[in-house]
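**Student:** Numbering (our numbering), first residue to last: 60 to 344. Quick one: structure below, then a few questions.
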């Protein structure tokens with residue numbers, strides 16, 4: 060295992076020694092470079108996200124070996140499983156995710172840089188979709204919204220979108236169970252004082268979950284430079300309605316905020332909700 064942050068690497072080494080895990084070997088260095096002295100590897104798991112597969116990892120992967128890695132932009136990543144065949148990587152695209160970026164050489168070579176002064180929602184109309192298995196236990200494909208991750212009990216509806224041809228559909232029958240999608244973006248709270256959040260929603264059924272606060276809505280969670288939570292803002296209460304309702308709300312941005320995650324979901328409530336046309340617009344401090 061390779062850790063680029065030296066104090067964390069030293070701590071991991073001491074703890075592993077104390078626990079007598081003599082089959083785990085920590086190294087302080089840049090994970091982009093891999094560990095040539097210990098190569099070749101039959102399996103490599105990368106727990107941070109570069110934009111592209113680092114060339115040294117390809118070289119250090121054994122023929123027939125497998126590489127699991129989240130690839131993409133800072134806030135738009137997808138897990139990929141690669142297998143090395145005849146010296147080349149064969150790719151299987153898995154699921155969207157949000158991981159910390161790979162720093163060091165990988166970050167210096169990143170072509171698409173995040174812009175914390177222009178936070179935005181990707182695919183807020185849910186028009187872009189991908190076909191994925193319904194669950195780990197089923198190979199039956201269903202449509203899921205591209206650009207959104209940690210998706211639970213959601214699908215794409217074409218029955219009654221208010222904008223375009225598709226909208227997000229969330230359903231839950233078990234109190235306290237998640238039905239949600241998430242998306243992250245950069246934001247500089249020193250310069251951005253508010254976010255104008257707009258969306259369309261149609262709540263056809265809603266019963267609180269195990270706790271009174273478990274109800275449908277949109278939540279924005281803000282994080283500081285070390286990714287510690289520094290604030291949470293809720294958009295709504297969403298009540299049951301006979302038609303689509305347009306929501307527009309200004310939420311304050313903590314000055315310490317450097318990242319944010321938008322969560323749309325039932326929040327543990329039992330019910331059925333349609334969501335469409337989600338966007339955020341920054342307001343200067």
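Even glycine gets a Cβ: it sits at the ideal position worked out from N, Cα and C. Note that this is a predicted model, so its numbers are computed, not measured.
I need the DSSP call for residue 184, collapsed to helix, strand or coil.
**Tutor:** Coil, per DSSP.
**Student:** Use the C-beta contact count for residue 300: other C-beta atoms within 10 angstroms, 16 or more gives buried, fewer gives exposed.
**Tutor:** Label assigned to residue 300: exposed.
**Student:** Given a cut-off of 8 Å, decide if residue 307 and residue 257 are closer than it, judged by their beta-carbon atoms.
**Tutor:** Contact flag set, yes.
**Student:** What first and last residue would you give for the alpha helix (DSSP H) that runs through residue 114?
**Tutor:** Its alpha helix (DSSP H) spans residues 114-119.
**Student:** Report back the beta-carbon spacing between residue 236 and residue 283 to the nearest angstrom; my notes put them in contact at under 8 Å.
**Tutor:** That pair is no contact at about 30 Å.
**Student:** Identify every residue that forms a DSSP beta bridge with residue 208.
**Tutor:** BP columns for residue 208 point to 241.
**Student:** If I follow the unbroken beta strand (DSSP E) through residue 165, where does it start and stop?
**Tutor:** Looking at the DSSP string, residue 165 is not in any beta strand (DSSP E); the run it does join, the alpha helix (DSSP H), is 164-167.
**Student:** Measuring only the C-alpha atoms, how far is residue 63 from residue 83?
**Tutor:** Roughly 16 Å separates the two Cα atoms.
**Student:** What number of angstroms, rounded off, separates the C-alpha of residue 249 from the C-alpha of residue 285?
**Tutor:** Whole-angstrom Cα-Cα distance: 15 Å.
**Student:** Going straight from the alpha carbon of residue 70 to that of residue 245, what length do you get?
**Tutor:** Cα to Cα, the separation comes out at about 29 Å.
**Student:** Can you tell me where the alpha helix (DSSP H) with residue 97 in it begins and where it stops?
**Tutor:** Where residue 97 is concerned, there is no enclosing alpha helix (DSSP H), given that its DSSP letter is neither H nor E.
**Student:** In the DSSP assignment, find the alpha helix (DSSP H) that holds residue 77 and state where it starts and stops.
**Tutor:** Looking at the DSSP string, the run of the alpha helix (DSSP H) that includes residue 77 is 65-77.
**Student:** State whether the stretch 144-162 contacts the stretch 214-225, with contact taken as three or more CB pairs (one from each stretch) at a distance under 8 Å.
**Tutor:** Touching, no, given that fewer than three Cβ pairs across the two stretches are closer than 8 Å.
**Student:** Is the stretch 311-328 in contact with the stretch 273-281, if contact means three or more CB pairs nearer than 8 Å?
**Tutor:** Flag = yes, the stretch 311-328 and the stretch 273-281 touch.
**Student:** Quick check on this structure: which residue in 240, 126 and 77 has the alpha carbon closest to the alpha carbon of residue 140?
**Tutor:** Comparing Cα-Cα distances from residue 140 to each of 240, 126 and 77, the minimum goes to 126.
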